[in-house]
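Engineer:
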Amino acid sequence: MKKQTILTAGAVALVALTIGGTASAATAGTYKSNAKVKFVQDTSITPPVDPTNPGSEVTPVDPDGTNPDPGTAGPLSIDFASSFGFDEQKITTKDEVYNAKAQILSDGTFRPNYLQVTDKRGGANGWTVQVKQDTQFASASGTLDGALISVKNGQVDSISTSTVPSLVNKSFDLTIDEDGAGVSQNIVGAKTGEGAGTWVYRFGDDTNKETSVTLAVPGSTTKYAEEYTTELTWTLADVPHVETQP
1 MKKQTILTAG
11 AVALVALTIG
21 GTASAATAGT
31 YKSNAKVKFV
41 QDTSITPPVD
51 PTNPGSEVTP
61 VDPDGTNPDP
71 GTAGPLSIDF
81 ASSFGFDEQK
91 ITTKDEVYNA
101 KAQILSDGTF
111 RPNYLQVTDK
121 RGGANGWTVQ
131 VKQDTQFASA
141 SGTLDGALIS
151 VKNGQVDSIS
161 TSTVPSLVNK
171 SFDLTIDEDG
181 AGVSQNIVGA
191 KTGEGAGTWV
201 YRFGDDTNKE
211 TSVTLAVPGS
221 TTKYAEEYTT
231 ELTWTLADVP
241 HVETQP
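Under UniProt numbering, the first residue of the sequence shown is numbered 1, with each subsequent residue one higher.
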């Protein structure tokens, strides 16, 4: 019994010595290293993304089945803008409104028609987009007088954490002046501190993509059995949107 008591006391003393040794350990020294990263502007072309899921790249197709032109290069760019196809329509003397086809992708699925803008300048300096219809619809034989393209259900989307652009036109018409020239108008724009990264400005969503772009044609307008065409010009300026006072 006595021997056992001595061994136990020795063990306690050893534990105390070990604990005491740990508690008295001192820092021998410290040293600091560093980590750095630098970002520069990207001037490459940004591919189109899904207007309803901007985190995924897609391949849009024009209404006639051809490939659209590539987007503009540079740190501030228009990456894509839909072309509007209103199909074949019967000649009529009644006022009519025709729906543009939704944006078709290379996999055969459809999305809302849309515009895509990317700002990779690295400063969130703001930007503005204007659009105009260059001239009235025309064929080899004449113009489609009084025809009017209307766009509605405008909304923006992005995976960017940047502040949402302040100017987002919910709807607009592409008007032609008395001289037959298109009228430019601001449709989407970011103030300073907004709109960095890639943004889609889509016309509708999956529930109304088929009815968000329309063409109204008066019944009184002479219509030839020909194809009528026009062009839209989308202009991106490195000018921040400024709200005007009423």
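In this text, a Cβ means the ideal position worked out from N, Cα and C, and glycines have one as well. These figures come from a predicted structure and were not determined experimentally.
Would you call the CB atoms of D69 and V58 closer than 7 Å?
Structural biologist: no
Engineer: Drop a sphere of 10 angstroms on the beta-carbon of V188, count the other beta-carbons inside from all chains shown, and report buried for 16 or more, exposed for fewer.
Structural biologist: Buried, since its Cβ has 16 or more Cβ neighbours within 10 Å.
Engineer: Given 8 Å as the limit, is there contact between the segment 188-198 and the segment 158-169, that is, 3 or more CB pairs closer than that?
Structural biologist: yes
Engineer: Going by Cα to Cα distance, which pick from G122, G55, G146 and V239 is closest to N186?
Structural biologist: V239
Engineer: Mind checking whether F80 and Q116 have CB atoms under 7 Å apart?
Structural biologist: yes
Engineer: So, helix, strand or coil for Q89, using DSSP?
Structural biologist: coil
Engineer: Excluding sequence positions up to five away, which residues of its chain have a Cβ less than 8 Å from the Cβ of E88?
Structural biologist: none
Engineer: Closest to D206 by CA distance: which of D42, K38 and P112 is it?
Structural biologist: P112
Engineer: Smallest Cα separation from G84: which of D145, S171, F203 and K170?
Structural biologist: In the sequence on display, residue 84 carries Phe and not Gly. Per the Cα distances, F203.
Engineer: Would you list the one or two residues that DSSP bridges to D50?
Structural biologist: DSSP lists N53 as partners of D50.
Engineer: For L174, I'd like the list of residues in its chain whose CB is within less than 6 Å of its CB, leaving aside the five on either flank, ordered along the chain.
Structural biologist: A distance below 6 Å between beta-carbons, with the five flanking residues on each side excluded, links L174 to the following residues of its chain, in chain order: Q133 and I149.
Engineer: At which residue ranges does the segment 82-157 contain complete beta strand (DSSP E) runs of 3 or more residues, listed in the order of the chain?
Structural biologist: 96-99, 103-105, 114-119, 127-133, 148-151 and 154-157
Engineer: Output the distance between the C-alpha atoms of V129 and L215, rounded to the nearest integer angstrom.
Structural biologist: 22 Å
Engineer: Hey, F137 and T230: beta-carbon distance below 7 Å or not?
Structural biologist: Yes, Cβ-Cβ distance for F137 and T230 is below 7 Å.
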